[in-house]
Amino acid sequence: MGEALCNKPIPVVQYNQVLSSLFSTGKQMLIRAQTDQTKVKLAWNFLCDAVNGGCIEAIPFRAEACFLQGKIELEKARNDPINVKPAWSLLCDAVNGGCIEAIPFRTEACFLQGKIELEKARNDPINAKLAWSLLCDAVNGGCIEATPFRAEACFLLGKIELEKARNDPTNAKLAWSLLSNAVKEGCSEASPLLAEVNSYVSK
Numbered sequence: 100m101g102e103a104l105c106n107k108p109i110p111v112v113q114y115n116q117v118l119s120s121l122f123s124t125g126k127q128m129l130i131r132a133q134t135d136q137t138k139v140k141l142a143w144n145f146l147c148d149a150v151n152g153g154c155i156e157a158i159p160f161r162a163e164a165c166f167l168q169g170k171i172e173l174e175k176a177r178n179d180p181i182n183v184k185p186a187w188s189l190l191c192d193a194v195n196g197g198c199i200e201a202i203p204f205r206t207e208a209c210f211l212q213g214k215i216e217l218e219k220a221r222n223d224p225i226n227a228k229l230a231w232s233l234l235c236d237a238v239n240g241g242c243i244e245a246t247p248f249r250a251e252a253c254f255l256l257g258k259i260e261l262e263k264a265r266n267d268p269t270n271a272k273l274a275w276s277l278l279s280n281a282v283k284e285g286c287s288e289a290s291p292l293l294a295e296v297n298s299y300v301s302k
């Protein structure tokens, strides 16, 4: 009997009231979160539910909650970078929701997550693309510290593309671009590979 009741559609008016309540509670929690960090996650939960339920008005408030929760997670990740993914995800959501304040924090999270992915790519270069993407975001966001790590990611990804170019020189352009960037950013290991790929590009 209870299951049958649960499956009944919720009337539109009642649904809108629930959304409005989620949004209102989320906003209240967000105000309290400015002085009490323990309320941040609650605010984020309520505002996520409101947005997921279709409350467009809640989007900028959720972005702010993502920013606050992302900063908390980033603080943890500074001591233990292996846990950076939640920070990165939250700060990406914050920026995508229009929270400009979150950009430098997302940049730092990209750097930390990029270093983790680069470590994986050293053992298995197939993972180099994600490392490269994250480290590009970090460098483009102004994190100069990320430059040598991006150079290494370019090198690893460039090696994969060079392997393809050996079989089909028409694919050499991407390998050249990656290895050229690696050399420019100080990865001397990439120099002999760049010389090889140059011979394919010039054909």
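100 is the number of the first residue of the sequence shown in my numbering; add one for each residue after it.
Note that CB positions come from ideal geometry on N, CA and C, so glycine has one too.
{"Query": "Same chain, Cβ closer than 7 Å to E288, five either side skipped, listed in chain order", "Result": "F254"}
{"Query": "For E244 and T206, the rounded distance between their alpha carbons", "Result": "11 Å"}
{"Query": "Distance, R221 Cα to F145 Cα", "Result": "41 Å"}
{"Query": "Under 8 Å between C-beta atoms of R131 and K138", "Result": "yes"}
{"Query": "Test item: CB-CB of L293 and S279 under 8 Å", "Result": "yes"}
{"Query": "Assumed close pair V300, K272 - CB separation to whole angstroms, cut-off 8 Å", "Result": "7 Å"}
{"Query": "Close-in-space but distant-in-sequence residues of the same chain around K263 (CB under 6 Å, 5 per side omitted)", "Result": "N270"}
{"Query": "L229 beta carbon less than 8 Å from that of R249", "Result": "no"}
{"Query": "Same chain only: Cβ atoms within 8 Å of F166, ignoring 5 sequence neighbours per side", "Result": "L189, L190, A193, C198, E200, A201 and F204"}
{"Query": "Delimiting residues of the alpha helix (DSSP H) encompassing E207", "Result": "I202 to N222"}
{"Query": "Meets three-Cβ-pair contact criterion under 8 Å: the segment 170–188 and the segment 145–161", "Result": "no"}
{"Query": "Collapsed DSSP secondary structure at S301 in the structure displayed", "Result": "coil"}
{"Query": "Close-in-space but distant-in-sequence residues of the same chain around P224 (CB under 7 Å, 5 per side omitted)", "Result": "L255, K258 and I259"}
{"Query": "As assigned by DSSP and simplified to three states, the class of T269", "Result": "helix"}
{"Query": "With 16 other Cβ atoms within 10 Å as the buried cut-off, status of E163", "Result": "buried"}
{"Query": "For E251 and L211, believed in contact at Cβ under 8 Å, the rounded distance", "Result": "No, L211 and E251 are not in contact; Cβ-Cβ is about 15 Å, not under 8 Å."}
{"Query": "Cβ pair L173, A149 closer than 8 Å", "Result": "no"}
{"Query": "Sequence-distant residues of its chain with Cβ nearer than 6 Å to G213 (five each side left out)", "Result": "A230, L233, L234 and A237"}
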